[in-house]
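Visitor: Let me give you the structure first, and then I'll get to my questions.
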Amino acid sequence: MGELQSVPDDLAKDYVIAPDPAAPRLTRRVVGTDHTGAETEISVVEERPLTIFLNAQEIVTAMTIGDYPEYLAVGFLRNQGMLRDDDVVTRVDYDEDLEVVVVRTERKTTYEEKVKKKTRTSGCAVGTVFGDMMEGLDKVVLPQTELRTSWLYALAHRINTTPSLYLEAGAIHGTVLCHQDRPLVYMEDVGRHNAVDKIAGWMFQEGVSAGDKILYTTGRLTSEMVIKTALMGIPVLASRSGFTAWGVEIARQVGLTCIGRMRGKRFVCLSGEERLVRDMDPDAVPEESKKHRRKSVE
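With the numbering used here applied, the sequence shown has no gaps in its numbers, which climb one by one up to 457 at the end.
Printed below as a string of structure tokens:
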């Protein structure tokens with residue numbers, strides 16, 4: 160698998176994987192002019208294609224920032240139902256020059272019909288989801304793991320003050336796998352679906368359980384985000400951003416706790432409130448510092 164990126168700051172020291180905003184391959188300095196006509200130079204996020212193969216079959220080409228391509232490929236296949244719980248991944252080969260990842264399994268696979276059914280989603284960066292992706296939702300049973308509001312407040316503060324590509328260059332989504340009040344794996348990409356897939360790939364490859372985890376995203380809570388979270392077996396999905404009606408409807412159907420508009424002491428829970436343990440007085444939570452206040456990414 161790809162090497163873990165360096166942790167650039169004490170705020171990120173406890174992460175298993177944290178963003179590295181200083182990584183030269185992920186951003187580029189570009190010169191332009193500002194509103195006054197003066198010359199300015201800023202960092203912009205790189206975007207490059209990555210073609211994913213499952214054994215001998217080409218599955219999809221995704222646009223990505225290019226980090227953790229192996230996790231992205233495995234997670235994408237996992238979230239599309241092309242990798243089963245009992246599948247054994249024998250090798251994951253990444254060719255940086257060809258921008259290709261090949262995931263090899265012991266089981267022989269063929270998904271010709273499934274690939275033909277892919278449809279465009281509301282996600283950015285040409286996200287794709289396959290038409291029968293929802294078929295597995297009726298079998299999802301999410302654990303009734305408690306969710307303490309003190310954890311939510313701690314996570315929101317920790318994540319939003321962690322050095323990231325978003326704070327460096329913007330135009331990017333972040334997704335964080337958390338356990339209680341600790342963020343574990345923080346992935347970023349130009350598409351929120353890519354960031355989630357990287358986390359799914361890491362969990363699959365490392366054998367990490369999902370039932371006691373929280374998934375945090377900077378993007379809105381769409382049907383795609385809800386479906387992926389539920390199929391991963393994670394019972395809680397949280398975001399700084401808002402909801403879509405279909406996302407909320409699906410979350411209620413599968414029993415997923417869906418929390419949005421998390422800013423400072425405020426949040427809104429539209430499904431799965433039975434998991435919430437309100438163990439902290441919101442008045443004891445400080446307002447967000449303007450220094451660390453960040454807009455949600457739509």
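Positions of the beta carbon are idealized from the N, C-alpha and C atoms, including for glycine.
Along the chain, where does the alpha helix (DSSP H) containing Gly406 start, and where does it finish?
Guide: Per DSSP, Gly406 belongs to the alpha helix (DSSP H) from Ala404 to Val413.
Visitor: Measure the C-alpha to C-alpha separation of Phe363 and Gly191 and round it to an integer number of angstroms.
Guide: Looking at the two C-alpha atoms, the distance is approximately 42 Å.
Visitor: What is the C-beta distance between Leu336 and Leu343, in whole angstroms, given that I count them as a contact (C-beta under 8 Å)?
Guide: Correct: roughly 5 Å between the Cβ atoms.
Visitor: In its own chain, which residues sit with a C-beta less than 8 Å from the C-beta of Asp442, not counting the 5 before and 5 after it?
Guide: The residues are Lys424.
Visitor: Flag this pair as touching only if the segment 362-377 and the segment 401-411 have three or more C-beta atom pairs under 8 Å; answer yes or no.
Guide: Verdict: no, contact absent.
Visitor: State the Cα-Cα distance for the pair Thr308 and Gly333, rounded to the nearest angstrom.
Guide: In a straight line, the C-alpha of Thr308 is about 21 Å away from that of Gly333.
Visitor: What number of angstroms, rounded off, separates the C-alpha of Glu119 from the C-alpha of Gly401?
Guide: In this structure the chain extends from 160 to 457, so residue 119 is not present and cannot be described.
Visitor: At 4 residues or longer, and completely inside the segment 176-201: list those alpha helix (DSSP H) runs for me, N to C.
Guide: The qualifying runs do not exist here; there are none.
Visitor: What number of angstroms, rounded off, separates the C-alpha of Pro445 from the C-alpha of Thr199?
Guide: Approximately 35 Å between the Cα atoms of the pair.
Visitor: In whole angstroms, what separates the C-alpha of Ala389 from that of Lys357?
Guide: C-alpha separation (whole angstroms): 16 Å.
Visitor: Starting from Tyr325, follow the beta strand (DSSP E) in both directions and report where the run begins and ends.
Guide: No beta strand (DSSP E) holds Tyr325; the alpha helix (DSSP H) holding it covers Leu324 to Ala328.
Visitor: Quick one: what does DSSP say Gly282 is sitting in, helix, strand or coil?
Guide: Model confidence at Gly282 stands at a pLDDT of 45, short of 50, so the residue's coordinates are unreliable; what they give is reported in the following sentence. Of the three classes helix, strand and coil, the one that applies to Gly282 here is coil, per DSSP.
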